[in-house]
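For reference, the structure discussed in these notes is given below.
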Amino acid sequence: MRARIGPWIAIIVGMIYFLVPLIATFEFSLRMKRGEYSFEAYRIVLGDPNFQASFTYSALIAVAAIIFGVLLVVPTAYVVQLKLPRLRPLVEFITLLPLVIPAIVLVFGYLRMYNSSSWIPLTNSVRGTDFLLTCAYVTLALPYMYRAVDTGLRAIDVRTLTEAAQSLGSSWPRILFQVILPNVRVAVLSGAFLTFAIVIGEFTMASLLNRPAFGPYLQLIGANRAYEPAALAIIAFIITWACMGLIQLFGGGRQNAARR
Amino acid sequence: MAQTTVEIAPSKPRALPLTWLGVVPFMIFALMFLILPAGYLIIGAFQTPDGSFTLQNIANLNQPTIIKAYRLSIAISAASAFGGALLGFLLAYAVVLGNLPRWIRPTMMTFSGVASNFAGVPLAFAFLATLGRSGLVTALITSIFGINIYRYGFNLLSFAGLTITYLYFQIPLMILIMTPAIDGLKREWREASAILGASTWQYWRMIAFPILWPSLLGSFLLLFANAFGAIATAYALTGSSLNIITILLFAQIRGDVLHDPHLGYALALGMILITGLSNGAYIWLRSRSERWVR
Amino acid sequence: MAFLTLESLTKTFGNQTTIHGIDLAVERGEFISFLGPSGCGKTTTLRMIAGFETPTSGTIKIDGKDVTDLRPNQRNIGMVFQAYALFPNMTVADNIAFGLKVAKKSSAEITKRVKEMLELIKLPDVGARYPYQLSGGQQQRVALARALAIQPKILLLDEPLSALDAKIRISLREEIRAVQRALGITTIYVTHDQEEALSMSDRICVMNDGRIEQLGTPFEIYNYPTTRFVASFVGTLNILNGQVLDSTSGRLGIDDQEIFTARELGGASTGDTLSLALRPEALSIGHANGGSNNLNGTIDEVHFLGSVVRIRVRFGSNIVSLDTFNRPHSAPPERGQPVTVNFTREDILVLDRPAI
Numbered sequence: 001m002r003a004r005i006g007p008w009i010a011i012i013v014g015m016i017y018f019l020v021p022l023i024a025t026f027e028f029s030l031r032m033k034r035g036e037y038s039f040e041a042y043r044i045v046l047g048d049p050n051f052q053a054s055f056t057y058s059a060l061i062a063v064a065a066i067i068f069g070v071l072l073v074v075p076t077a078y079v080v081q082l083k084l085p086r087l088r089p090l091v092e093f094i095t096l097l098p099l100v101i102p103a104i105v106l107v108f109g110y111l112r113m114y115n116s117s118s119w120i121p122l123t124n125s126v127r128g129t130d131f132l133l134t135c136a137y138v139t140l141a142l143p144y145m146y147r148a149v150d151t152g153l154r155a156i157d158v159r160t161l162t163e164a165a166q167s168l169g170s171s172w173p174r175i176l177f178q179v180i181l182p183n184v185r186v187a188v189l190s191g192a193f194l195t196f197a198i199v200i201g202e203f204t205m206a207s208l209l210n211r212p213a214f215g216p217y218l219q220l221i222g223a224n225r226a227y228e229p230a231a232l233a234i235i236a237f238i239i240t241w242a243c244m245g246l247i248q249l250f251g252g253g254r255q256n257a258a259r260r
Numbered sequence: 001m002a003q004t005t006v007e008i009a010p011s012k013p014r015a016l017p018l019t020w021l022g023v024v025p026f027m028i029f030a031l032m033f034l035i036l037p038a039g040y041l042i043i044g045a046f047q048t049p050d051g052s053f054t055l056q057n058i059a060n061l062n063q064p065t066i067i068k069a070y071r072l073s074i075a076i077s078a079a080s081a082f083g084g085a086l087l088g089f090l091l092a093y094a095v096v097l098g099n100l101p102r103w104i105r106p107t108m109m110t111f112s113g114v115a116s117n118f119a120g121v122p123l124a125f126a127f128l129a130t131l132g133r134s135g136l137v138t139a140l141i142t143s144i145f146g147i148n149i150y151r152y153g154f155n156l157l158s159f160a161g162l163t164i165t166y167l168y169f170q171i172p173l174m175i176l177i178m179t180p181a182i183d184g185l186k187r188e189w190r191e192a193s194a195i196l197g198a199s200t201w202q203y204w205r206m207i208a209f210p211i212l213w214p215s216l217l218g219s220f221l222l223l224f225a226n227a228f229g230a231i232a233t234a235y236a237l238t239g240s241s242l243n244i245i246t247i248l249l250f251a252q253i254r255g256d257v258l259h260d261p262h263l264g265y266a267l268a269l270g271m272i273l274i275t276g277l278s279n280g281a282y283i284w285l286r287s288r289s290e291r292w293v294r
Numbered sequence: 001m002a003f004l005t006l007e008s009l010t011k012t013f014g015n016q017t018t019i020h021g022i023d024l025a026v027e028r029g030e031f032i033s034f035l036g037p038s039g040c041g042k043t044t045t046l047r048m049i050a051g052f053e054t055p056t057s058g059t060i061k062i063d064g065k066d067v068t069d070l071r072p073n074q075r076n077i078g079m080v081f082q083a084y085a086l087f088p089n090m091t092v093a094d095n096i097a098f099g100l101k102v103a104k105k106s107s108a109e110i111t112k113r114v115k116e117m118l119e120l121i122k123l124p125d126v127g128a129r130y131p132y133q134l135s136g137g138q139q140q141r142v143a144l145a146r147a148l149a150i151q152p153k154i155l156l157l158d159e160p161l162s163a164l165d166a167k168i169r170i171s172l173r174e175e176i177r178a179v180q181r182a183l184g185i186t187t188i189y190v191t192h193d194q195e196e197a198l199s200m201s202d203r204i205c206v207m208n209d210g211r212i213e214q215l216g217t218p219f220e221i222y223n224y225p226t227t228r229f230v231a232s233f234v235g236t237l238n239i240l241n242g243q244v245l246d247s248t249s250g251r252l253g254i255d256d257q258e259i260f261t262a263r264e265l266g267g268a269s270t271g272d273t274l275s276l277a278l279r280p281e282a283l284s285i286g287h288a289n290g291g292s293n294n295l296n297g298t299i300d301e302v303h304f305l306g307s308v309v310r311i312r313v314r315f316g317s318n319i320v321s322l323d324t325f326n327r328p329h330s331a332p333p334e335r336g337q338p339v340t341v342n343f344t345r346e347d348i349l350v351l352d353r354p355a356i
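Residue numbers (the UniProt record's numbering), protein chains in the order written: chain A, 1 to 260; chain B, 1 to 294; chain C, 1 to 356.
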């Protein structure tokens, strides 16, 4: 086939558009000390106790959201696939809702439904608000988590695995946790890393629920400092890259095998 | 609850609890964190503070600030979705069908995975460092061409600036969605059309484009909703100075601007309507254009 | 003058040559099959004729005109692909009409032609359906109609039946051949199925490793294969290794037994090892058909196939298969039983010498 010029132009222009902001940001982040390039901005950011605290907080909420999300999604996807295929359209519709209803609208609803004068006053206590934020993140990640797990379940033969385990006398929880879950581990992991990438710097929900998360911290720094935001952007980019890299690392081999 | 079920139905001792375990928590979660909160706002939009029915909240949306905010939001979302869909499609096409070296495709896909999730506050920082008043590219253009783009009306904190910024996650998202769809175009279709006398253009117009149309449209609407609900990037770029609907609602929730929660409900209802309608339109168009799909 | 000619057609991918200078002349109205295992170059050759691949060197002429450098859409060729090549977004009628629409024919003419084509493939009522609503066999018939609608000079078929199940394959191949005869269209048919090639073709072009091994009628190819490859690929021929004991009298040693060929073994000298081909249907058990060659062996395996019983007999290091008809009143022989296999001198085909 002829090697064509068009695709090359598209790719090169695309690469310039995607790489230039990264280069510019990196360059900017090194300019904190006058007249020389240094990692001063990174040193200040990483040494900032607020950075450490907010990052730890967001990471913890992310992990909680991942665990909660997996426990919620895996049994549902499993049952829908095996027992109640009639429910599939409904469940898929629900999992796509978070893409339709903007996050800011959802959190507005939470604030109204779970405020101090409501039936379930979650926002009254710090723990309650943390729980609410975790649930909010589960909701945000729901489309991705459900997709990943559902695809994973389709790739293995759920019915045969289940029947094999049943014929060996396994109980349901055993089947779910010792047979199904390990077999969709790759799918669950990629859902988990994607959730982490989405949640770690999330701003809107954390900010409106008034929790000291990484997203609001980033915003605060951005409003008050010059060079640190650039350093933070690079750090955030690296975190996202690491999450995607881990997805590839865990998922790559299996995907290729499936494609063949 | 599960325990009693077991005793009632001893013939199927383990099937029922699992079915319950799979569906009930999920449905409760969906109700509590998706359907009821949205429903609460929707109903609230039609209520007076004391709970009786009214259309006044909806009527109150008819204020210059709010109308302008909706307009700007829709404009930015449509522009970035259109640009993202177009450029993302071209890149996906180049990656799949461009006969480029092998390493480009996995690199592009990984990068798209990263960039499509690199949104929010850090993205704003990156574009401030690039196209802000003292950004690298701004400075480069000034020193090379002697033109200060800010003096010629460019502003990162504007329709154009925000659209360019949003494209950074819109294009990769489009690439991720469209690559499998373009992969789905069978080589035989192109060859069959060629041997029947069709030009490349005729192949695209009569076969490839009609086949891809539902995915293209669906991606566009997804990109639109993606931009429409976005706030963090805009907020970090501009503070609350840019009048888009999410920032307006954000301020409203914070209680900074208007002290009427029911107007907030109406704002939210408007947003749900816009994203909901675009998705409904997508489902309808898809069912019409995909008669030939199994 | 031949209608389609290939002249020293060569194709090189990178530094690997996959087609080594093919020469072929196809007559007008002829049905010719390219037969060979996957990777033998038959599909690449077909795709060069269609214009999807550019030959590295050599020329392709259709009806005296050099088309080597024409694009596929300028060649006026009809092609049927392996499977799934119908445009899924168009109805059957629109699929068939596609080539005519592209050629800017009038809508009255298109309607008429589509109707003709649907009748030709005996599916007059499916015009309004979408491809997914048809069976695989029906889809391939529509694909045939679509290819023929533009009245091409040449029809190319690239393993059109390989994705279908066995019964439909047989009925469809008869139908394809009937349509081809009715239209008198020059046709090239690529397949790896020897039965398909034998039953459909005027001539078969057996290919291996990017070269033509043998070109001939199905009768010639099956009965007189000229190379070991052709013999083993076409039909379930038995191949024996025989040691030349006396080339003038055609005396050969099969392990420790002896047989005679009908002709002299010209060019072979005593002690050479030759490949000998024996067709299963030429062999019989016992001395019933009175051939002068007998080989004693033991029954290795018996496959009961219904009307035919296939028996595998071992002589030392050589194994042959032979077919006997099922006789309801006598049980087939059993494994391990000693038997004599009988055949005539004329049934022995001497092939090229084995590589080892």
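Just so it is clear, CB atoms sit at the ideal spot from N, CA and C, and this is done for glycine as well.
Have a look at Lys11/C and Ala194/B and give me their C-alpha separation to the nearest angstrom.
21 Å
At a Cβ threshold of 7 Å, is Trp119/A touching chain B?
no
Thr5/C to Thr91/C, Cα distance in whole Å?
36 Å
For the beta strand (DSSP E) containing Phe207/C, list its first residue and its last residue.
A small correction: the amino acid at residue 207/C is Met; Phe does not occupy that position in the sequence shown. Its beta strand (DSSP E) spans residues 203-208.
Give the DSSP-derived three-state secondary structure of Gly58/C in the structure shown.
strand
Report the neighbours of Tyr150/B on chain A: residues whose CB is nearer than 7 Å to its CB, in chain order.
Under the 7 Å cutoff, chain A gives no residues; its nearest Cβ is about 16 Å from Tyr150/B.
Against chain C: residues of the region 189-217 of chain B by CB proximity under 8 Å:
Trp189, Glu191, Ala192, Ser193, Ala194, Ile195, Leu196, Gly197, Ala198, Ser199, Gln202, Met206, Ile207, Pro210, Ile211
How about Asn279/B: is its C-beta nearer than 7 Å to some C-beta of chain A?
yes
Any beta carbon of chain B sitting closer than 7 Å to that of Phe52/C?
yes
How about Asn15/C: is its Cβ closer than 6 Å to a heavy atom in the ligand HEM?
This structure lacks the ligand HEM; in fact it carries no ligand of any kind.
For the region 136-217 of chain C, list the beta strand (DSSP E) runs that are entirely contained and at least 3 residues long, ordered along the chain.
154-158, 186-191, 203-208, 211-216
Short check: CB of Tyr166/B to CB of Ala92/B, under 7 Å?
no
Can you check whether the CB of Leu269/B is closer than 7 Å to the CB of Ile74/B?
no
Nearest to Ile32/C (by Cα), restricted to the options Leu155/C, Val320/C, Leu351/C, Thr324/C
Leu155/C
For a cutoff of 7 Å on Cβ pairs, would you count Asn117/B as touching chain A?
yes
Please decide whether Leu273/B counts as near chain A, where near means a Cβ-Cβ distance under 7 Å.
no
Look at the Cβ atom of Ile19/C, then the Cβ atom of Thr44/C, and state whether they are nearer than 7 Å.
yes
What residue from Trp20/B, Gln202/B, Leu285/B has the CA that sits closest to Ser219/B's CA?
Leu285/B
Can you tell me whether DSSP reads Leu86/C as helix, strand or coil?
coil
When Cβ atoms are compared, which residues of the region 169-180 of chain B fall closer than 9 Å to chain A?
Ile171, Pro172, Ile175
Cα separation between Thr95/A and Ile35/B?
11 Å
Tell me, please, whether the CB atom of Ile77/C is closer than 7 Å to any CB atom in chain B?
yes
So is Tyr70/B in contact with chain A if we call contact Cβ pairs under 7 Å?
no
Does any CB atom of chain B fall closer than 7 Å to the CB of Tyr110/A?
yes
Counting only the same chain and skipping the five closest in sequence on each side, list residues whose C-beta sits under 7 Å from that of residue 358/C.
Since the first and last residues shown for chain C are 1 and 356, residue 358/C lies out of range.
At a CB-CB cut-off below 8 Å, which residues of chain A make contact with Gly239/B?
Ala223
Backbone secondary structure at Ile144/B - three-state DSSP:
helix
Reference Thr273/C, options Gln257/C, Gly253/C, Glu281/C, Ala282/C, closest by Cα
Gly253/C
Cβ shell of Tyr57/A (< 8 Å), same chain only, five flanking positions each side left out
Arg211, Pro212, Ala213, Phe214
Using beta carbons (cut-off 7 Å, strictly below), is Ile356/C in contact with chain B?
With a pLDDT of 35 at Ile356/C, under the threshold of 50, the modelled position of this residue cannot be trusted, and the question is left open.
Straight-line CA distance for Arg133/B to Lys101/C?
56 Å
Tell me which residues of the region 75-90 of chain B have at least one Cβ-Cβ distance to chain A shorter than 7 Å, keeping chain order.
Leu90
Cβ of Arg286/B within 7 Å of any chain C Cβ:
no
Hey, Phe203/A and Gly120/B are a contact pair by Cβ (cut 8 Å); roughly how many whole angstroms apart?
6 Å
Starting from Tyr189/C, find everything on chain B with Cβ-Cβ shorter than 8 Å and list it in chain order.
Residues of chain B passing the Cβ test: none, with the nearest at roughly 16 Å.
Considering only the beta carbon of each residue, do Leu100/B and Pro49/A sit closer than 7 Å?
no
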